[in-house]
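So the structure is just underneath, and the comments pick up after that.
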Amino acid sequence: MILAIFLLLAASPGTVALLDEAVQVPAAEWRSFDIELRQQPAIIECRYWVDGGGAGVRVALMHQEDLERLRAGLGHRVLAATDYQRSGQFRYGPGPLGDYSVVVDNRMEGRGPAQVHLAVSLEFPGPHPQARELSPQRRLMVILVTAACMAAIAVVAVRHLKGALLGGPSQPVG
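Following this line, the structure appears as structure tokens:
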């Protein structure tokens, strides 16, 4: 039932709140929250503030594969992140469909747990078509056609200027 409501909301433009609650992050640890974008691209927006404990936390957005690398203690990439601070926010996207994770990191100071209010939402851009890029072959074709048109205009202009400078009647084009 909840999935059906989420899909209905995702099909129409607007904003859907995924998470808006206080979360406890233990000292010197981090917690993750999964986001599954499977139906249509969306802008992921995240806001947070530390309600109690800790000097500040870092909140990052990453692909699920990078979360697994973080769990394994390996190098990982983040798509968007804040500095270690008591409040912050970021927006990412619209990115490709896939599995994402929001990570609340309390490892900077590590002295005590942090009570963090985390708000994550998806903003669906609406029915506007996404900008697309031409293929390399079409780009080349556009460049060649444009250059040919510019050359033809230059030839006609030179003929008219030559006729005007020499004092004779200009030659009809065509």
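Just so we're aligned: the sequence shown equals residues 905 to 1078 in the working numbering.
By construction, the Cβ of each residue, glycine as well, lies at the ideal position given by its N, Cα and C atoms.
Since we're looking at a predicted model, the values are computed, not measured.
Sequence-distant Cβ neighbours of Arg990 in its own chain, meaning closer than 7 angstroms and more than five residues away, are Trp953, Val954 and Gly960. DSSP assignment within the stretch 963–1017 yields the following whole beta strand (DSSP E) runs of 3 residues or more, N-terminal first: 991–996 and 1002–1009.
With 16 or more other CB atoms across the displayed protein chains lying within 10 angstroms of its CB, Ala964 is buried. Between Leu941 and Tyr1004 a beta carbon distance of about 7 angstroms is seen, short of the 8 angstroms cut, so the two are scored as contacting. At least 7 angstroms separates the beta-carbon of Thr919 from that of Glu1037. For Glu949, the closest C-alpha among the options Gly957, Gly999 and Arg1042 is that of Gly999.
Pairing Leu1065 with Leu1001, the inter-Cα distance amounts to about 57 angstroms. For Leu941, the enclosing beta strand (DSSP E) begins and ends at Trp934 to Leu941. Assignment of Gln1019 by DSSP, reduced to helix, strand and coil, places it in the strand class. In the three-state reduction of the DSSP assignment, Arg951 falls in the strand class, which pools E and B. Under the three-state reduction of DSSP output, Gln1041 falls in the helix class. Using a Cβ distance threshold of 7 angstroms, Val1006 and Val982 do not count as a contacting pair. Beta-bridge partners assigned by DSSP to Gln928: Gln1019. Annotated three-state conformation of Gly957 is coil, per DSSP.
Gln1019 is positioned such that its CB atom lies closer than 7 angstroms to that of Gly956.
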